[in-house]
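Numbering (our numbering), first residue to last: 15 to 320.
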C-alpha cells in the first residue's frame, strides 16, 4: 500500500505552528479555521472562505491547509495570529457592520467581509481595494467590532454551511475526498498539430474544482515519454478531466485530445491502477486517423472520514 501524501501542515512545521497561534477565523469566531487566504496570510473557516472565494481571485486567493499545494514563500507570508492581523484590519469598525459569529446568516457575513477587504465602493468602480476598517490617518481612534446578535443567526442552523458548500462546488472550493498520485508515463499516436514537425505535447489533469497539474513538454514527438509524477486533490464524485495539448510558441496551445477519469469507479484506495486510455481526438485532427492513447497509473489516497 502506498504511503499517504504528507499535508502542508506536515511538510511545513512553521505553518502548523501558525495554525496553533490562530485562536479563531480571521472574520468570525469559528475556532477551527481550516482554510487560508494567502494574499493576506490569514486563516479562515469554510463559511467565510466561501465569501472570500466569491470576491474573485483578484481579491482573495483561498487554499486548503491540508490538501492544496503550498510553497515556503506562502508560508513565510502568513500572519502570526488573528489578533495581530485584526489589530490593523479591524482597527475601527462602525457599528452598522456587525462581525459575524459562526452561526450568523450569509448576507451579514458577506457584507462584513466585503467591507473589511474590498471597501465601501465596488471594486469594478474603484479598481482597488480600500479596506473600510483598516487603521489609517482618518481613523484616529480604535473601535472594536461588535458581534452580530443571535437574531441574525441563520434560521436553519445548516443554511450557511449549505451556502458555503454550494460556493465551493461552483467556485472550486468543494471539500476534497482525497488525492491521487499520478504517474504520467507516455502517450502514443498523437495527432500532428505542426506543419513542419511533430507535436510538442504535454498532458493536463484537471479536478474541475479549480486545480490542475501538468507534465513537462516533450518537443517534436507524437509518442512522448514523460515518466513524470504528479499529485492532484480530487472529489471522487467529480470526474478528472484529462487533456493533451501541443505547445505553441506563437499562438495559444492546441488541444489535441481529451478523456476523463472517474475516481470513484476506476480507482482503488491505496492501490496502484494502470490505465492505457483511448483518447478522444479533436475534430480538426480526426482526418489523420490517429488512435491516440495515454498510459498512466493512479494511486488514490482517500481522506479519513472527519
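Every residue gets a Cβ at the ideal spot worked out from N, C-alpha and C, and that includes glycine.
Predicted model only: the values in this text are computed from it and were never measured.
Same chain, Cβ closer than 7 angstroms to residue i, five either side skipped, listed in chain order
i: residue 282; result: 314
i: residue 226; result: 218, 219 and 220
i: residue 28; result: 89
i: residue 267; result: 259, 260 and 261
Bridge partner(s) assigned by DSSP for residue i
i: residue 195; result: 245 and 313
i: residue 295; result: 271
i: residue 307; result: 202 and 292
Reference residue i, options the options, closest by Cα
i: residue 207; options: 265, 85 and 57; result: 265
i: residue 87; options: 102, 61 and 54; result: 54
i: residue 296; options: 258, 275 and 276; result: 258
i: residue 262; options: 216, 93, 224 and 293; result: 216
i: residue 191; options: 235, 82, 111 and 47; result: 82
i: residue 71; options: 143, 42 and 240; result: 143
i: residue 114; options: 95, 59, 74 and 198; result: 59
Residue i, DSSP secondary structure in three states
i: residue 78; result: strand
i: residue 188; result: For residue 188, the pLDDT reaches just 48, beneath the cut-off of 50, and the residue's location in the model is therefore unreliable, although a value from the coordinates is still provided. Residue 188 falls in the coil class under three-state DSSP.
i: residue 210; result: coil
i: residue 112; result: coil
i: residue 288; result: strand
i: residue 20; result: coil
i: residue 252; result: coil
i: residue 215; result: strand
i: residue 231; result: coil
i: residue 155; result: coil
i: residue 223; result: coil
i: residue 167; result: strand
i: residue 29; result: helix
Terminal residues of the alpha helix (DSSP H) in which residue i lies
i: residue 101; result: 96 to 103
i: residue 264; result: Per DSSP, residue 264 belongs to no alpha helix (DSSP H) and is neither H nor E.
i: residue 126; result: 120 to 131
i: residue 68; result: 60 to 68
i: residue 90; result: 86 to 90
i: residue 277; result: 277 to 280
Cβ shell of residue i (< 6 angstroms), same chain only, five flanking positions each side left out
i: residue 289; result: 310
i: residue 312; result: 194, 196, 281 and 287
i: residue 302; result: 205
For residue i, the first and last residue of its enclosing beta strand (DSSP E)
i: residue 53; result: Unbroken run through residue 53: none, as it is neither H nor E.
8 angstroms CB neighbourhood of residue i in its chain, flanking five on each side removed
i: residue 21; result: 79, 80 and 81
i: residue 23; result: 29, 30, 33, 79 and 80
i: residue 306; result: 201, 202, 203, 204, 205, 258, 270, 271, 292, 293 and 295
Beta carbon proximity, residue i to chain C, threshold 8 angstroms
i: residue 165; result: Any reference to chain C falls outside this structure, which holds one protein chain only.
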